[in-house]
Structures are given as C-alpha cells and as structure tokens.
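>
4 protein chains.
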Amino acid sequence: MIPVGIVGFSGYSGAELENLLSHHPHVEPVLLEHREAEDRARPLNYQGPRRLAFSPGNGLALVFLATPPEVSTELTPGLLDAGTKVIDLSGAFRLGTVENYQRWYKETHPRPDLLAEAVYGLPEFCRAAVPGKRLISNPGCYPTAANLALRPLLEAGVIDRKAGIVCDAKSGVSGAGRKPSLKTSFVEVTENLSAYSVLEHRHVPEILRTSGLDESELSFTAQLLPIERGILETIYFRTMNDVDLIQIYVDRYRDEPFLRIYPQGKFPDLRAVARTNFCDIGVQHDAKTRRAVVVVAIDNLVKGAAGMAVQNMNLALGFPETTGLL
Amino acid sequence: MIPVGIVGFSGYSGAELENLLSHHPHVEPVLLEHREAEDRARPLNYQGPRRLAFSPGNGLALVFLATPPEVSTELTPGLLDAGTKVIDLSGAFRLGTVENYQRWYKETHPRPDLLAEAVYGLPEFCRAAVPGKRLISNPGCYPTAANLALRPLLEAGVIDRKAGIVCDAKSGVSGAGRKPSLKTSFVEVTENLSAYSVLEHRHVPEILRTSGLDESELSFTAQLLPIERGILETIYFRTMNDVDLIQIYVDRYRDEPFLRIYPQGKFPDLRAVARTNFCDIGVQHDAKTRRAVVVVAIDNLVKGAAGMAVQNMNLALGFPETTGLL
Amino acid sequence: MIPVGIVGFSGYSGAELENLLSHHPHVEPVLLEHREAEDRARPLNYQGPRRLAFSPGNGLALVFLATPPEVSTELTPGLLDAGTKVIDLSGAFRLGTVENYQRWYKETHPRPDLLAEAVYGLPEFCRAAVPGKRLISNPGCYPTAANLALRPLLEAGVIDRKAGIVCDAKSGVSGAGRKPSLKTSFVEVTENLSAYSVLEHRHVPEILRTSGLDESELSFTAQLLPIERGILETIYFRTMNDVDLIQIYVDRYRDEPFLRIYPQGKFPDLRAVARTNFCDIGVQHDAKTRRAVVVVAIDNLVKGAAGMAVQNMNLALGFPETTGLL
Amino acid sequence: MIPVGIVGFSGYSGAELENLLSHHPHVEPVLLEHREAEDRARPLNYQGPRRLAFSPGNGLALVFLATPPEVSTELTPGLLDAGTKVIDLSGAFRLGTVENYQRWYKETHPRPDLLAEAVYGLPEFCRAAVPGKRLISNPGCYPTAANLALRPLLEAGVIDRKAGIVCDAKSGVSGAGRKPSLKTSFVEVTENLSAYSVLEHRHVPEILRTSGLDESELSFTAQLLPIERGILETIYFRTMNDVDLIQIYVDRYRDEPFLRIYPQGKFPDLRAVARTNFCDIGVQHDAKTRRAVVVVAIDNLVKGAAGMAVQNMNLALGFPETTGLL
C-alpha cells in the first residue's frame, strides 16, 4: 500500500477523500494535521488512518490539499520541492492567469510559475496530460458539471453561442465547506432556497477558461439547496440545427466509465449520483423552435471534488483510472 | 360574517384557504364535504369551521373550488346557476380555448362557454375586471410568479424577446397536491432535486396566453425542491438597452401592497415570502453584455393559490383588497 | 398603541416576538439595538418596526430580553430602576437560587435579590402572580412542555414517583439560537439525530424546581431534530392506580385557551402546534401494567418562548391573556 | 460468483440488498420479479444485475425475501421444497408462536411448522445456529437495536427490571417501506415529528420474545423522523448497583466486528452509522441515583435489514461473516 497524504481531512471534501482512499486497493490515506478543526465523537474501538503532523518532508509520493486557496498556495511549493506530487482541490491553480486570480480571489497570486505549470485535471478532456505532471489542479464542482455537459456540444458546434447559454446551478450545502456560518446554519437553509453570486460566481471564469466560452455567452446563477450534497445544473441554449443531442453525448462518452446519458424524456436526479463518481446527463430538445435543455447531475463531493481527485491520483500514480471508484 | 364555502378543504390549498379565512374579519369559512380525504387527528376541544355536505343549493354567496380540474368543471355550472360566485383554483378555466385545454389536460372541455366567460384573476393586472364577474379563474402558481416578474418588463419593451427568455422554476412539494404518490414520498424527495415536465409543463401555455409571449420565446423547466412550500423562479433574458430594471419594477408596483422589490445586489429567498401573500423580486443586470437575471419568490400556497384567491374574493365581495392578508 | 421594546430581535425568539407583536392590537414593537447580529436582505419598500439604540432610559413600559443570560443580568437592573417592566426569555432568573445558577450556568449570579424577586411566568400555574410583578422570568422551552404535561398528574397524585419518570425530549434547531456553530450547521444536522446533555441538561433543575420532582425521580434526555422548530416530549411513568389520565387533563385544562387534549389513541405531532401558542397532549395508558405514556408538543419559539412571553405581557399590562395569540 | 436471488428488489430493503450484493466478492445478485413496483429512470448505459421472473424453480442456492409478511409466507414453502435457502426480511417468521402472529399481524399463520423451524438471525447472539438452517428470519429494525443494547446488560443482571425499561425509538421514513401513503408523504413528514404505535408496536412482542423481558417490564414508543434512514433508540432504566456499564459492553462485544462502544460522555448519532452495518452504543449512568441511559444507533436499512441479511447469508454460505460489509 502506497501512503498518500490528505491535508484538510476534517473538511467535507477531505473526509470524502479519507473515505474513498480507505477503500482503495493500492493506496493508504495518511491524515496530515495542519490547522485541523474539531473531530467527531469516536467509538472506543475506532481505528482511523494514520495521522502525522504536516511537513513537506513527510516523504509521501502524493498529497491532496483539501484546503482554502491561500493554504494551498502556501503549502504547495514546499511539497513540490520535496518531490511530492500535489493534487490541489482549491481554486488556487485553476484560473490560468494572475489577472484572473487577482480579480476573482481578491489576492495577488504568490506563485505565477506554478499557476502556469499546473494541469487542469478534468480527465475526460485531458487524460493524457496528467500522468507526467507534479501539480494537478482539481476542477471546481460547478465547472465540472458544466464542462461535462457543454463541451461535447461545443466541440460538435451545435450550440448557437450568440443566443447565449444559461446555466442555472443548484448545490447542496456541503459545497460551502464545514466552517460554521449563518448562511449555512440549519435554520437558515431548511425549507428555503436562495440564489447567490448571481452572474458573479468565481466559478464562472473557470468555466469560461476551460470551455472556451466568452463572458457574454454564458449566464450562470448558483442556488443553495436544503440538502447535504449534490449539484444539478439546468442548462438552456438554442441549437444551430436539428441535431440529435443525445447521440452526440453517447458518441463522445462511449468509453467514459463515469458518464451516463439518459434516454429521451428521462432526466437524472441527485439521488442517481449521490455518493458516486458518476456524471449523469439528460436532454430535451424542441427541434421546431431550436430550444434545448440539458440536465446534468453530479455529487459535488465525489465527481465534483474527492472522486475526481482520486481519478487524477490513479492517472498520476499509474493505476487504472477507475480504481476504487466503482 | 358572510359564510363562504370551500370545496377541497382537505388538500393543501384548501387547508390554506381555511386558515386564511378563519382570520378574515368579514367572512366565515364553511367546509363543503365532497369526496374529502382523511382528516388529521384533532384534540377533544377542537372547534373548526362549520361543515356541510356540498350542494349547489347551499345558498352561499361565494364558493372556492380547491379541486382537480375535472371536479371544478363538474361543480361550477350548478353553483353559478344557483347564483353562487365561484373562484376556481384549478386549471379548468385558465387556458382560454378548448384547443389549449384539450392539448394540455387531455380532455374535452365540457363547457366552452364558461371557459370563455371566466376572468383570469391576477389582480395586479386585471383588478377592474374582477368585481362584476361570477366565475374567477385563480392563476396557477408558476404563472403567477412568472407574470409578476415578466409583465412589467414586457410592457416596458426592454426584453430582447428574440434572444429568448429562460424561466428556471423550483417548487416545494405541496404544489403537487396531497394525494400520495411515489414522486412525492418523503424518501424519494429528501436530499434530492429532480427536474420534471422539461419544456412541457402545462403551466407554460398559461404563461404564454397571459403574458403574450409565444412558444419559441420561452423555455421553462420545473424542479421539485425538498421543502414543503415556496416557488422560486430564476429568469434569464437579454435587455434591449441599458435600462434600470429595478426602477421599472419600482414604478410599476409602487401602489401594489403585495409586491416587494429588492435593492441592487440583494435577492429574495423563500423564507422571505413563506406564509405571506408577498411576491418578492430581485434583479441583476450586466449592462455591458445585456444579460439580466430576475429572481422572483412566492409562497405557492398563498400568493400562488389561496392568498391570491382571497385577494380575488375581496375584490368580488367589495372588501379592501388586502383584507385578511397582511 | 403602547410601545414595548425587544432586545435581541435578530435572534430566533426575538424575531418571533417582533412577528407576534406586529399583529397585536394594543402594542407596537420597538427594536432596541444592542450587539445585534447581521440583518436579512430587505426589499426597498420594507417597513419594519421602529429602531432605537438600547438604553434603560428608553422610557418604555415593558421590555423583552431575548438575550443570553449574562446580557439579561447586565441589562435588567437598569431597566427596573428606570421603571420598565422586564420579561426575560433567558435562564438568568429561572433557577431560584444562586447555588443552582452557579452549578448549571457556571457563573456567579450578580443579583441574587432579583433572582429571588422574579416571578416564574407559566400562566397556567401562576396566572394571579404575574400582574403586579416588574420582573417576569419566561420559562424555558423544555420545562414548559414538561410542566404542562406533568403537573396536572402530579397534583392529582396519580404518578408512581418512586418508579421514576422518563422525559425523552426532541427539539428543532432554532432552540439552540442563531449564533453559527458546527453543531447547528446544516450538513451536520440534516438526515441526522443526536442526543445531547444526556441526564445533564440545564433545563432539568428548572423542571425539578417548578414541578416539585426531585433529581432521582426524573430522567431527561434532549435530542436535536433536523427541523426548524418544535418540541415533542415523550414522557413515560407508572400510574398508582387505574385512573383516567385524559379526564384529569380535560378537567384541569377545561378553561385554558392554549391547552388541547387528544382523544384516546390519538397523539399530537409537531405540525399541529407549529407557529401557534398551543400545547397539545395525547395519552396512552395500559391499565393492566400501569405503564403510561404522555406525548406533549409545543412550538419552542411560540409557547416555548415568544408566545408565552406575549401571554405574560398581556397579563402584566392588563390585556386579555389571549390577545394577539389566537 | 454464486447467484443469489432478491424478491422485492424495488423496495428500500431490497434496493439496499442489491447494492450490498453488487459489491460482494463471492455472490452475484439476481433480481426476481414478483409484483415489482415501478422502476427508476435509468441511463442508456445502465447495466444492473440479471433479472428473472420469480419461480421456486430458479435453482438458486439462496433467496432473500424483502417482501410483506403475507408474500413471504406464500413464497417460502416452494423455495424450501426446491432446496433453496431463504432469508426472510419480513415479520412472517419472527414471533415464534401462531398466537403471537395472530395477535400482532391479524392473520392466521399458514405454516406453523416453518414458524417453529425458522432461526432468528441475530448473529451476535445466535451465530452458531445459523449455518445449518434453511430458513433464517432476519430481525426487525427496532428489535435489532434494542437487543444489541439490552441483552449484554440483561445477561449481566445489572438492570433493575422491576423498575421498568423505557425504549424511546426514532426511525427514518424508509422503515415504513416504499408504498406511497399519506403518512409518508413529504409534506406530512418534513418539519414534523410524530409518535405512532405508542406502547403497541408489533416489534414489541419480537423484542420481548428475543430479550426475555416481559410485557410489564418494557415501555416502547416509536417516532417518525423527517430523515431517510437511521434508527436511534434512547433506553432508560435503573441499575441494580454501581456497575461500569461501558465495561460490560466492551467485554461482551470485544470480538464483534460491527459493534462499537463510545467513551464516557460521548454518544453516537445517526451520521456515525449511516450506510454502514455498525451498531453504535453510548452510555450515561448516574451512579448516585442508579439512573442510566443507553443511546443506540443503527442504519435501519443496513444493520436493521439488508446488512444483517448479508451477514446471515455469509454465515449460511460459509463466507467470513464480514464479507462485503466493511
């Protein structure tokens, strides 16, 4: 068993990583303590993974950073210098340019060189690029769903981009992290639905950069669902002509183990993907008026975070890509 | 106290009507029994409203039908013949034409004359037309939110209709009624979100007819939220020019007691309108790219059903429109 | 309209007070700002109650303190000195003795004289004592339900106290207050149930003191429900003889406007009391084995806090006790 | 891979069985169609288990019946005659005597011989008895938690049985099955808590029979939680003397892979056991007054149904007991 580290294991993505790696046949998770939050109550006979104080010198082949962006930029250089591969789950290395980072994260990026070096780890679209890299930037949850839904159609050229694309996104509360706040308190969230970051979400520039869309072509709004986990995006656009959208997905994703396409008239819901690494897609197309709707669902903590990170780890360490994920 | 009847009082809209009318200063609800479903457990000293077996001859000035459309079309003629005014909360009299009704409700409308006679009771846009009428068709929940959000902008001519309007709607489960079904079972709904009637909801023709939009201009999808009540619609469109959308709403709704507009950067959530007759509206507009988002929230059982019905009753019986609703 | 003040209006009990008082025919709420937390988003045409910076010299006839106990003990003396009546919703003045307060609140009580002076405002059992008092200690939520369920039976002498009484209590999350914490975060609470303060809740000494039970006679455990509001207590005991428990309740509460007793085999649930000042009680008794179960339900924010406080205010200011509460 | 059958695979316990068996290294689930309910929407590339029309002649080594009791009594004889082992998840074979069955299930048991033959499959207390048996009656969800919490203490003789034991049980909605009903409709359950079968639950005779308690010694009430899955029972009793209850559990369950005991002052919640086959136990004991509380938590669909059934299957087919369950 190869030991791999998790920094930020007490957060929701970190805990999901611990869970997935504990069932992985070839690696063993090691919890790296670094400003960790309070533990859960544990039974007397609880035996969790090994724990170590974080240090770049832990000598691990690979470390996951399930940390805020400012912690990721702080810890990454030392790890890379020590020869440890890094899979970063934050937004620290996703936006490509220092200008983008400055605008959306309101901070100067301390390591533009690493920003440029990082590979954006969306295996379905960059599988070959991951293995050699030492720094993998794990995609954001909303952009993962949006890219997996939009890119096959953009590549096929069937979307009328001038008419604009609407992505109405809904997420469970775990996407906001484990740090207590009024916005994620039970009483504020239950029996409620609220829109936030309307047209201004920091995941928008990530979607634009990775999909090739430009700002005027995409309207994106996020909404907070009263559930623990799951992202559902309802994507609206107009088609250029009378194409079979389902067939485009089926062809593009024929060999993808984590992509599932629904038959005409059927749509995925969040239960279908909960606690899985699947990304499910359903399509409605009114050929007469060229209006189309794509419904895409993932588990934000799995395909949208920890599961994707394990997929990237499998690529980075040379295991079959689905190991520990089916 | 004027007695007014409720048929369908055991359903969710009917129960909300009973609740609202019990606090109304000028009328007294009378529960009219007609195929009613099972009662709740009641305390020994419970004293609810009077109950009568339904009959067109009950001699009431006004009856609310919180019933399925086929029951509404069955009961309405007798009531009208007996001189009783009817406020119907079903879709029986909303679609204007027999063709529309046939297409969306899969039944031949038995009384085209009444379909033509009924006034569509959205007081903010037809206040003057209600008082004289004997048959008021209470608007559907989704169309109420959509019309209150869209019509001021359509009237002002600021929406680029050719670019299309997207209405992404989310509703609490009470909107599906009280009849048990797998789709509304707790285990199927909790921790879930599902899209349904994608581009094909029977509320779409109602929105089109009442807003003046045509089918190619509007894409509408409904989604089932794991909450009891509330509708939030996120509406996307492009503007014709650099207008102040908030000001249009403020001007149009200045004297409307139930419409509330949010300041720039703020949006209503469902808690803001729960158990009220308010319709709350927030706006985001990116002037540079002409992209705009309107977030509109109502309580589907109040402004989207029973509250609106009481508003219509107040108009029909000559009380101040807000009586019993603030 | 008599102005009455609310300190702590941004908390859940305070907001419920604002809501109730806004519909009261004889008083007008005034929000007294004192370390208030962040506001909700408000529409442009929002008109809430008047706001004032808190001062003992506000000159109000009565002030509600919906504040933590240490704030209540700090603010109360100045208000009383200024001739303002105080209804305190915290535990500051509930426990009768400084020893009790020291043990359960881990602080020395700064004003033993006021602790002794305060009247415990459970109107169903001390109605006559409230009107003359200047300091009313509003009961805790769990003790309210427990006392209303147990005291009629204890007074009737039908409970076998030596065999012990079990009170298994469940509460919605609003009972824990609005301050963000991991324990009340959505993701931690949803799809969960957790026991806390097992046999050691600080409401136990309040129940013991007010019911006359002694510590060895009562076992109390609290549990956190994944809901916003409501307390349901399931109370188990053995009877001394073959009595009709329902009849005891019916007789004792015959003239109580807020107590409702269920017929044999029926039990209240939390929906029955949500957003009301009712306390509902159902009973099961196996005469053969003398085992009995009482199920009691209240809304923790209404009958368990703000509603009871308004009931006490009505008594204190000379209005009919149910004013603004039915 | 050994094929094993599931009848009732569309129910919640059946679906959990399918899920568990799909990850089992030695068996392969076969879905046996017999009055199955509607399927979920499935993606185009969905590949579920094999399906067969149910017949006693399917020739399987073992079949799980996740069916109502009357279906289980109908199907069991044919399966046994065909040489197929049966693990029945219903109450059909749990109550030991025809009198018990008649009283609690309101039907005459058609096969008293099989009722007598069935082994009650609670492995922690009957491990040795399972392997040779052809009919295994899988325990009920509430009795599983109650027995695992109570039997070590009853065996140790530390409970004052004359003072009575209270078991206050709370269950998620999946325990009520997948058949739609008003009681399990989302709107009726959310933001609610309701008691049912107070002192009269049909799981009580199962607990009595298997624990050796008598009716006068146990008070049991069930409550419906607004969550999908999980059972938490809060059990109150008096101890005979000043014993260390935690140590009794630790000693009794030292070698049990699925039992976990919490340290003093810590208690399990439902998240700790969700989607696992663990049974977690926490204890509070006030030595001075002899009052004790035990909090026990399981997942009703796993340890309380499908997981336990797989544990029994492992014993019956000769696999290590934890196979496919950790």
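Residue numbers (the working numbering), protein chains in the order written: chain A, 3 to 328; chain B, 3 to 328; chain C, 3 to 328; chain D, 3 to 328.
All C-beta atoms, glycine included, are put in the ideal place defined by N, C-alpha and C.
On a predicted model such as this, the values are computed, not experimentally measured, just so you know.
1. Could you work out which residue in C:Q225, C:L33 and C:A84 is closest to A197 (chain C) when comparing CA atoms only?
2. With DSSP run on the structure shown, which of helix, strand or coil describes P182 (chain B)?
3. Terminal residues of the continuous beta strand (DSSP E) containing V9 (chain D)?
4. Taking the continuous beta strand (DSSP E) assigned at G380 (chain B), which residues delimit it?
5. According to DSSP, is T223 (chain A) part of a helix, a strand, or is it coil?
6. Considering only DSSP beta bridges, list what L67 (chain B) is partnered with.
7. State yes or no: is the beta carbon of E202 (chain A) nearer than 8 Å to at least one beta carbon in chain C?
8. So, does the CB of F56 (chain D) fall closer than 8 Å to a CB anywhere in chain A?
9. How big is the Cα-Cα spacing for A94 (chain B) and H203 (chain D)?
10. Kindly confirm or deny that the segment 128 to 140 of chain D and the segment 102 to 110 of chain D touch, where touching means at least three C-beta pairs closer than 8 Å.
11. Using a Cβ cut-off of 8 Å (strictly closer), state whether A84 (chain D) contacts chain A.
12. What does DSSP give as the partner residue(s) for V32 (chain B) in the beta ladder?
13. Report the start-end ranges of each alpha helix (DSSP H) in the segment 117 to 142 of chain C that is 4 residues or longer and not cut off at the edges.
14. If you run the structure through DSSP and keep just helix, strand and coil, what is R240 (chain B)?
15. From the DSSP output, in three-state form, read off K305 (chain D) for me.
16. What is the DSSP secondary structure of K164 (chain A), reduced to helix, strand or coil?
17. Given that S176 (chain A) touches chain C, what residues does it touch there, using C-beta distances under 9 Å?
18. Is the distance from the Cβ of G177 (chain D) to the Cβ of N302 (chain D) below 8 Å?
19. Quick check: G7 (chain B) and L46 (chain B), are their CB atoms within less than 8 Å of each other?
20. Can you give the beta carbon distance from A330 (chain A) to N140 (chain A), rounded, assuming they're within the 8 Å contact cut?
21. According to DSSP, is L200 (chain B) part of a helix, a strand, or is it coil?
22. Sort D:T291, D:V304 and D:Y264 by Cα distance to R44 (chain A) and report the nearest one.
23. By alpha-carbon positions, which one of C:V175, C:V191, C:R129 and C:K164 ends up nearest to V175 (chain A)?
24. Using a Cβ-Cβ distance cut-off of 8 Å, determine whether P338 (chain A) contacts chain D.
25. Does any residue of chain D bring its CB to less than 8 Å from the CB of F269 (chain A)?
26. For A118 (chain A) and R105 (chain B), what's the separation of their Cα atoms in angstroms?
27. For the alpha helix (DSSP H) holding V100 (chain D), just list the boundary residues, first then last.
28. Decide if the segment 225 to 236 of chain B is in contact with the segment 221 to 240 of chain D; the criterion is three or more beta carbon pairs, one per stretch, under 8 Å apart.
29. Over the uninterrupted alpha helix (DSSP H) stretch that includes R273 (chain C), give me the two end residues.
30. With a Cβ-Cβ cutoff of 8 Å, do V88 (chain B) and V121 (chain B) count as a contact?
31. Assign L261 (chain A) to one of two classes, buried (16 or more other C-beta atoms within 10 Å of its C-beta) or exposed (fewer than that).
32. Give me the chain D residues within the contact set of P70 (chain B), using Cβ-Cβ distance strictly less than 9 Å, ordered along the chain.
33. Measure the Cβ-Cβ separation of L91 (chain B) and A311 (chain B) and say whether it is below 8 Å.
34. Rounded to whole angstroms, what is the Cα-Cα separation between A158 (chain C) and R129 (chain C)?
35. Hey, would you say L210 (chain B) sits closer than 8 Å to D288 (chain A), going by beta carbons?
This is what the structure holds:
1. Closest in alpha carbon position to A197 (chain C), among C:Q225, C:L33 and C:A84, is C:Q225.
2. coil
3. I4 to V9
4. There is no way to answer for residue 380 (chain B), as the model of chain B reaches only from 3 to 328.
5. strand
6. B:V9 and B:D90
7. no
8. Cβ-Cβ to chain A under 8 Å: no for F56 (chain D).
9. 45 Å
10. no
11. no
12. DSSP lists B:G7 and B:R52 as partners of V32 (chain B).
13. 125 to 128
14. strand
15. helix
16. helix
17. F188 and V189
18. yes
19. no
20. Examination of residue 330 (chain A) is not possible in this model, given that chain A is present from 3 through 328 alone.
21. Looking at the sequence shown, residue 200 (chain B) is not Leu but Val. DSSP places V200 (chain B) in coil when its eight states are reduced to three.
22. D:Y264
23. C:V191
24. A query on residue 338 (chain A) cannot be resolved here, the shown segment of chain A reaching from 3 to 328 and no further.
25. yes
26. The alpha-carbon atoms of A118 (chain A) and R105 (chain B) are separated by roughly 57 Å.
27. Start and end: V100 to Y107.
28. Cβ pair count under 8 Å is below three, so no.
29. For R273 (chain C), the enclosing alpha helix (DSSP H) has its first and last residue at L272 to V275.
30. no
31. buried
32. The premise fails here: P70 (chain B) is roughly 17 Å from chain D at the closest Cβ pair, so nothing lies under 9 Å.
33. yes
34. 20 Å
35. no
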